[in-house]
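Mapping of the sequence shown onto numbering that gives the first Met the number 0: residues 0 to 885, in sequence order.
We treat Cβ as the ideally placed atom computed from N, Cα and C, and that holds for glycine.
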Amino acid sequence: MAFAATLTNLTEELVEVITSTSSQSDPGLFNVLKESSLRRLRHHNFLRTNQFEVQEKLNGFEEHFRVANRDGLADALRERLAALERISNKWTPEALDFLLRLEDQPVKKSKLKDLELLKEPEESPCPPLKWEDIAREEGWEQDDDIWKNVNFDRDSSDDEYLERTSDILSEVEVTSTSTVEAQYQKSPTDFLVDSHDEHSLDQVRETQLWRNTSLSKDARGRPQKITISEFHAVREVLFMLNGLENNLFDPEGNPSLQFQMKHTSWEVYRALLGSFSEASRQLSVLRKFTKQPQNVPLLQVFREAVEKRLRSFDTNISKLQSRYVDIQQDIVVSLARVIDDVKPHLQPLACLSDIMQQLQRSKYPRPFHYLELLFDAAGVAQLEGSDAVYEFLATLFFECFQVYLRSIRRWMEAGELMDGDKAFFISSSSSQVPMGQVWTDQFTLRKTTDGALYVPRFLQPAASKILTTGKSVVVLKLLGKYQPPSTRLQEPPLQLDGDFASTYGVFAPFPEVFNDIFEKWMASKHHAASVTLQRTLFESCGLCSVLDALQHVYLMSDGSRSDTFTFAIFNNIDLLNANWHDRFNLTALAHEAFGTLTNAHRIAVNVHPDGLADDVKDVRRSVRKGLPFVRVIYRLSWPIRIILTEESLDQYQAAFTFLLQLRRSTYVLHKYRLVSDSSAGTTNTSSDQAMYYGLRTRFLWFCNILHSYLSILVLGPLTAQLQSTLQQAEDVSTMIASHSAFTKQMIGEMCLGGKLDPIRECILDMFELTIRLQDARQLESEREQEEAQELSRLSVTSSPMKHKRYVKSGEEEDETFLFDQDRSLMMQDTERSFAEVLREIRAEFDRNLKFISSGLRGVARASGDTAAGKWDTLAEMLEVGIQERR
């Protein structure tokens with residue numbers, strides 16, 4: 000009951016405090032709130048905080064701090080937990096649990112120095128120093144005159160001020176340590192100059208009266224100009240050149256027309272001021288630019304460089320002013336002389352002002368656009384023979400270019416891009432790409448919306464080389480072969496020598512001078528990374544062995560291994576095996592044929608899905624069905640894929656397909672061996688057989704010509720040249736370009752290019768004619784066998800026997816299998832006579848051969864391709880067959 004009473008009293012107090020409602024002010028509402036609150040408190044489901052769980056969490060935080068190497072935080076936590084145990088009560092676990100529920104990544108966000116804010120500030124043992132104490136100590140607490148303003152009007156004089164201050168100081172008693180020290184310190188009165196030369200002061204005032212003189216009018220009412228001396232004009236002009244306020248020119252540099260110089264005609268005076276007005280306008284452009292804030296580092300260094308040159312110009316003008324202020328010798332005061340003295344210093348700044356105006360007129364200037372303008376202007380100044388301007392602009396260009404060079408240096412040395420650098424011409428992909436595509440897709444040259452390179456014009460010849468060097472460093476880092484450049488190695492200075500010459504002499508154009516200096520600088524960065532990556536690709540990644548394997552697998556450089564692989568495929572096709580395209584079987588055949596090669600397990604063979612729909616009977620009759628879809632895949636490591644691009648591998652595949660079709664034609668011609676007619680029991684010497692043998696010989700000759708041409712004149716020399724070119728390549732980009740050029744030249748010389756599509760189709764027609772010829776001969780052989788069997792059955796003296804004039808060069812069960820098939824579905828020309836088919840094949844052979852030969856000859860003469868000579872050679876080889884036919 001005591002607990003219930005206590006709870007009721009506390010609840011009433013809680014409701015009264017929160018709702019500001021009491022039992023006297025609103026009894027009904029108060030009772031409703033009290034009862035609902037009591038009901039919630041009596042029936043709550045929340046248990047007491049588990050103090051052991053709280054302690055375990057705090058110990059866990061301490062251990063986590065130590066694991067994260069933040070022992071200072073762990074010690075501070077342990078120290079405060081130990082102190083808390085001495086003053087804890089029953090509510091301590093509740094408070095600690097509340098704090099634990101509010102925690103937010105304490106290991107990452109906690110700072111040990113924040114604990115210093117919890118300490119109470121130590122009170123200073125000495126009282127703070129106040130002005131009241133100083134005034135009381137110095138004795139001027141009651142001196143009201145010290146706070147009065149000094150009157151500097153004409154009615155007052157310095158003597159009165161001196162008298163008053165001396166009287167005040169005499170009244171001060173020197174009684175403290177601070178006042179004693181003040182006796183030996185200078186006061187403002189010590190710096191007053193007592194001058195009584197009123198005459199000189201009046202002369203100065205008289206000479207400056209022209210500044211405030213109002214314009215008078217002549218007898219006709221026209222305003223008369225204010226006459227000034229040439230000395231005053233020189234003074235105002237020099238002020239104007241220093242960017243100071245003056246009376247002869249307004250802030251925009253326009254001359255005032257109310258003044259005229261003594262003893263000088265108005266036309267001459269106006270011409271002189273016009274010259275200075277143009278200089279003022281040009282200088283104002285530069286001074287306005289230096290006052291504009293810049294956020295891009297490349298523009299900040301440009302502004303600083305302009306400020307530096309303006310300060311140098313102002314210094315020269317100040318030295319010129321000193322001639323007229325501190326006169327050491329006789330000097331002629333002349334505006335014309337000032338023009339001659341200022342011109343050498345003003346001419347480079349005038350050229351720089353023109354560049355600034357061009358930059359301001361650009362609609363969307365790029366941060367490095369002013370570098371392009373400086374580069375072009377320096378070249379023009381050199382051609383014009385303005386040595387001072389050329390030296391000025393060239394030095395300014397190289398000074399500003401150093402900032403742009405930071406991005407280039409970091410990229411070429413470390414393969415890294417500066418965050419947020421939009422002025423650099425290399426960009427990185429926003430998403431992570433596979434390692435095999437790092438070279439091609441991760442980093443690229445930045446381009447504008449119209450497709451132009453976002454590169455300074457003077458760097459465009461070297462942009463690709465810079466990109467290649469940085470990408471080489473990136474790849475070396477991924478391979479774990481990167482070695483940071485030694486700080487002891489000094490890079491060539493990227494600046495002009497004193498004589499502004501290059502290795503080509505003093506008269507070399509500025510672009511040539513820059514290219515010479517920049518090439519030397521780049522060579523120190525480019526060579527090391529490129530050589531290291533090339534050595535890694537050849538030695539660690541086995542580039543040579545991979546190329547050798549590709550030549551064996553795709554280019555069939557080893558005829559024996561290639562025959563083992565391809566003849567097995569042709570055999571399955573001739574057996575009408577519906578699963579001839581099974582990828583596991585094809586891969587096993589490839590491993591068996593090329594098993595002795597290095598990394599033969601990387602070879603995989605399949606058939607493209609588009610070729611799976613072809614019926615095996617159609618595949619057997621045509622080289623255009625099935626065979627073009629056979630894909631050989633040689634799995635390459637990602638560093639090798641940098642050199643062997645997808646486009647190059649596609650060209651390897653195209654060469655493999657063509658060689659496979661050629662081998663299919665040769666295979667069909669050599670599939671059966673000739674058996675003497677006597678073994679068949681008859682002697683066949685008909686003209687049809689002679690025509691067949693003649694056609695078979697000509698087809699064999701045609702296939703052998705292509706074999707010889709491809710192996711001896713095309714693939715052999717090209718692969719040998721490729722090995723030499725890759726070894727001598729300057730960098731990886733050159734290796735990629737060399738290999739791409741090799742594959743493109745190979746495709747062109749193999750007659751597989753787009754220009755020779757009609758000729759290639761005609762060659763495929765010749766391959767299919769070989770299959771048609773052998774099918775016709777097979778049908779004729781079967782008809783002869785059937786006739787022989789029929790004669791044997793009718794003969795009384797001999798028993799019926801089967802005689803085959805042709806048997807397979809392999810196993811006889813294959814021939815038995817073929818004999819049992821439906822020949823009408825396999826063979827061509829089943830409804831035509833053997834002689835008719837032979838005559839048609841011969842006519843097509845002659846027509847195709849002439850077309851191929853004449854077509855190659857015509858394309859070779861009309862084309863400027865490097866393969867034109869090879870095409871002409873092949874045409875000449877094929878013309879032999881045409882001449883023999885005649």
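Residues that residue i bridges to, as DSSP identifies them
i, result
"ALA654", "According to DSSP, which records beta bridges pairwise, ALA654 is partnered with nothing at all."
"TYR633", "ILE602"
"PRO254", "PHE248"
"LEU37", "According to DSSP, LEU37 bridges with nothing at all."
"THR443", "SER426"
"THR226", "GLN259"
"LEU452", "LYS446"
Integer-rounded CB distance, given that residue j should sit under 8 Å from residue i
i, j, result
"VAL300", "LEU285", "Incorrect: roughly 15 Å between the Cβ atoms, too far for contact."
"LEU626", "ARG663", "6 Å"
"GLN744", "LEU712", "Not confirmed; about 12 Å, so no contact."
"ARG619", "ASP573", "6 Å"
"ALA75", "LEU111", "7 Å"
"GLN281", "LEU348", "7 Å"
"LEU596", "GLN660", "Incorrect: roughly 23 Å between the Cβ atoms, too far for contact."
"LEU837", "ASP687", "6 Å"
N- and C-terminal bounds of the beta strand (DSSP E) containing residue i
i, result
"ASN605", "602-606"
"THR263", "Element bounds for THR263: n/a, residue is neither H nor E."
Rounded straight-line distance, which links the Cα of residue j to that of residue i
i, j, result
"LEU475", "TRP410", "13 Å"
"GLY880", "ALA842", "14 Å"
"ASP329", "TYR323", "10 Å"
"VAL16", "ARG100", "27 Å"
"THR681", "ALA603", "Reliability of the predicted coordinates at THR681 is poor, the pLDDT of 43 falling under 50, and no value is obtained from them."
"SER539", "SER737", "21 Å"
"GLU93", "PHE51", "12 Å"
"ILE735", "GLU371", "31 Å"
"ASP562", "MET765", "21 Å"
"PRO250", "LEU240", "11 Å"
"HIS368", "LYS362", "12 Å"
"GLU313", "HIS526", "According to the sequence provided, residue 313 is Asp. The question's Glu does not apply to it. For ASP313 and HIS526, the distance between alpha carbons rounds to 46 Å."
"ARG85", "ARG79", "10 Å"
"ILE225", "TRP265", "12 Å"
"GLU473", "THR467", "Sequence inspection shows Val at residue 473; the Glu mentioned does not correspond to that position. If I take the Cα positions, the gap works out to 10 Å."
"GLU412", "ALA528", "8 Å"
"THR289", "GLU303", "8 Å"
"LEU319", "VAL331", "13 Å"
"LEU382", "VAL858", "49 Å"
"LEU247", "ARG204", "19 Å"
"THR531", "LYS480", "8 Å"
"ARG782", "LEU772", "16 Å"
"LEU95", "LEU117", "18 Å"
"ALA451", "ARG445", "9 Å"
"LYS56", "GLU62", "10 Å"
"LYS261", "VAL341", "23 Å"
"ALA787", "GLU835", "22 Å"
"LYS754", "SER647", "19 Å"
"ASP649", "GLU785", "49 Å"
beta-carbon residue i near the ligand NAP non-hydrogen atom, thresh 8 Å
i, result
"SER24", "For the structure depicted, the ligand NAP is absent and the ligand set is empty, with no information on it obtainable."
First through last residue of the alpha helix (DSSP H) which encompasses residue i
i, result
"ASP25", "Segment: none, ASP25 is in no alpha helix (DSSP H) and carries neither H nor E."
"GLN726", "715-726"
"CYS750", "Careful: CYS750 lies outside any alpha helix (DSSP H) and carries neither H nor E."
"GLN50", "50-66"
"GLU303", "296-324"
"ASN514", "509-534"
"CYS702", "686-707"
"LYS476", "459-478"
Suppose only complete runs of 4+ residues qualify. What are the alpha helix (DSSP H) ranges in the segment 363-437, listed by chain order? Segments of the alpha helix (DSSP H) lying fully in the segment 363-437: 368-383, 386-413.
Uninterrupted beta strand (DSSP E) stretches inside the segment 553-619 (no shorter than 3 residues): For the segment 553-619, the full-length beta strand (DSSP E) segments reaching 3 residues or more read 602-606 along the chain.
Length at least 4, wholly inside the segment 76-114: the alpha helix (DSSP H) runs in chain order: Those alpha helix (DSSP H) runs which fall completely within the segment 76-114 and span 4+ residues are 91-101, 105-108.
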